[in-house]
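In order, the protein sequences belong to chains A and B. Note that our numbering has the first sequence beginning at -1, numbered continuously upward. Note that our numbering has the second sequence beginning at -1, numbered continuously upward. Glycine included, each C-beta is placed from N, C-alpha and C at the ideal position. Predicted model only: the values in this text are computed from it and were never measured.
There are 2 protein chains.
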Amino acid sequence: MVPGRPLEFNRTEALQSAVEVFWEKGYQATSIEDLTARMGIGRQSLYNTFGDKESLMSEAIEAYFQAASAPMLAILQAPGSPAKNLKMFFRRVAEHCSSGEHKGCLMVNTAVEFAGTDRDSPILKTIRNRFQSLERGMRQTIRQGIEAGELSKRIDPLQLATFLVGIFQGMLLMSKTGASRETLDRVAEGAIASLKS
Amino acid sequence: MVPGRPLEFNRTEALQSAVEVFWEKGYQATSIEDLTARMGIGRQSLYNTFGDKESLMSEAIEAYFQAASAPMLAILQAPGSPAKNLKMFFRRVAEHCSSGEHKGCLMVNTAVEFAGTDRDSPILKTIRNRFQSLERGMRQTIRQGIEAGELSKRIDPLQLATFLVGIFQGMLLMSKTGASRETLDRVAEGAIASLKS
DNA sequence: GCATATCTGGACTAAGCAGTCAAGAATCAA
DNA sequence: TTGATTCTTGACTGCTTAGTCCAGATATGC
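Here it is as structure tokens:
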């Protein structure tokens, strides 16, 4: 290892703080000062460690995905009943969305914010990929449910998967704009009911 | 009438241009220069005629609602079959969302943008009211459908209305992030299918 | 202790922003 | 024509922003 003065802060913790700020305020509305204040580090330390604002945002999105989205995806692929996994998924979304302070989903918030200006920014591409992998996971679980006889054979996996992802995104959006736990539960129950057809 | 030099531009057309800019870029990302350029008027004319940036945004939201959202609400309340009106509603949303350049819905975009910072800005309150009136309209149409025997009596109007509004918001969000016509159609068909239960 | 390498803090730069000001132009009433 | 009123144009102000520079601090390897 090369010598030199060591970092005075924990990189992972600092990144986590950055995630929180971006999550609450969005990308543009967050200033470098907001970030340094919450992360508890100096301006130069931020630039040394994370590059510019956009790089930091990229890392924040990635960290958020690992912490929040990946576990959701894992629910779908849990061993046991695919239909139960789908139900569990939506109940968890309702739960997750109504805890915390209506921050919504960092990826959704960011997608909306960037879609207007940088339609093909690397950040936006990453987010789109993540949502696509959600749809793929959903489709696979649906297929497994059909094979297991838990879901009707008449179901078109692609159609249902797209529909469920749509509902999912709707819940994230409602959460951001201040929906109550009851509201989110109702939507989740609607999604679950739509499996029985 | 008081004398004075008359406006050199059409107020309504200028406002329409402002709607387009805010719709494409969002509130923060839109500068006064962006606005004056697209509206074809000078800086001072903008301030004289519309007040500050936030007032202009308020007027833009209102104009957007009158032009885009109100007709959607009217579909639900059209005379004839309530169930058909609900179907028509979702097909129209899919159509509306995939025309244009993935601008999504101005009210959704704005809600996401403001929810992070000014949680109780007047603009946000207006938008929330608009969505609430959509849910009320939805609920009423559902009740009419039940009374007419088109929808099952076991349906809870509140639950279904909330669910459908959630799907609706999901479609708006997907549209903003670049969903294709096919994707939106699949979600719409899912919503329609969920009426038969 | 000394050389080397990295980190930190604060001042700084250049650009972009919303909003204002003042001087001139266009209209109407009399 | 003259005066009152409103619109237009362009320069301007004060502020915030992302990102840079540099001097000093703190570590390691020898």
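Counting only runs of at least 4 residues, the region 21 to 66 of chain B fully encloses the following alpha helix (DSSP H) elements, listed from N- to C-terminal order: 30 to 37, 41 to 48, 51 to 62. Identification of residues in the region 106 to 119 of chain A having a C-beta nearer than 8 Å to some C-beta of chain B yields V106, N107, A109, V110, E111, A113, G114, T115, R117, given in sequence order. Within chain A, the residues whose beta carbon sits less than 7 Å from that of M172 (chain B) are G164, Q167, listed in sequence order. Those residues of the region 37 to 57 of chain B placed with their C-beta closer than 7 Å to a C-beta in chain A do not exist.
Near chain B, meaning a CB-to-CB distance below 8 Å, no residue of the region 56 to 89 of chain A qualifies. DSSP, read as helix, strand or coil, puts C103 (chain A) in coil. For I190 (chain B), the enclosing alpha helix (DSSP H) has its first and last residue at 179 to 191. Of all residues in the region 150 to 161 of chain B, only L156, Q157, L158, T160, F161 place a beta-carbon less than 8 Å from a beta-carbon of chain A.
R117 (chain A) and V19 (chain B) have their C-alpha atoms spaced approximately 15 Å apart. With a cutoff of 8 Å on beta-carbon distance, A61 (chain B) and T175 (chain A) are scored as not near each other. Taking a Cβ-Cβ cut-off of 9 Å, the neighbours of S195 (chain B) in chain A comprise A191, S192, K194, S195, given in sequence order.
For the options B:S43, B:Q14, B:D154, B:I140, the alpha carbon positioned closest to that of P80 (chain B) is the one of B:I140. Under the Cβ criterion of 8 Å, T124 (chain A) is not counted among the residues facing chain B.
In this structure, L132 (chain B) and Q167 (chain A) do not form a Cβ contact; the two beta carbons are roughly 17 Å apart against a cut-off of 8 Å.
Within chain A, G114 have C-beta atoms less than 8 Å from the C-beta of E22 (chain B), given in sequence order. I190 (chain B) is not a Cβ neighbour of K51 (chain B), given a cutoff of 8 Å. Rounded to whole angstroms, the Cβ separation of I39 (chain B) and A58 (chain B) is 15 Å, and the two are not in contact under 8 Å.
Nearest C-alpha to E99 (chain B) among A:T181, A:R184, A:G114: A:G114. DSSP, read as helix, strand or coil, puts T175 (chain A) in coil. Distance from the Cα of G143 (chain A) is smallest, within the candidate group A:R36, A:Q64, A:L74, for A:L74. Only residues of its own chain outside the window of five on either side were considered, and among them S96 have a CB closer than 8 Å to the CB of S178 (chain A), listed in chain order. The continuous stretches of alpha helix (DSSP H) do not include N8 (chain A), and DSSP gives it neither H nor E. A direct Cα-Cα distance of roughly 23 Å separates G135 (chain A) from S173 (chain A).
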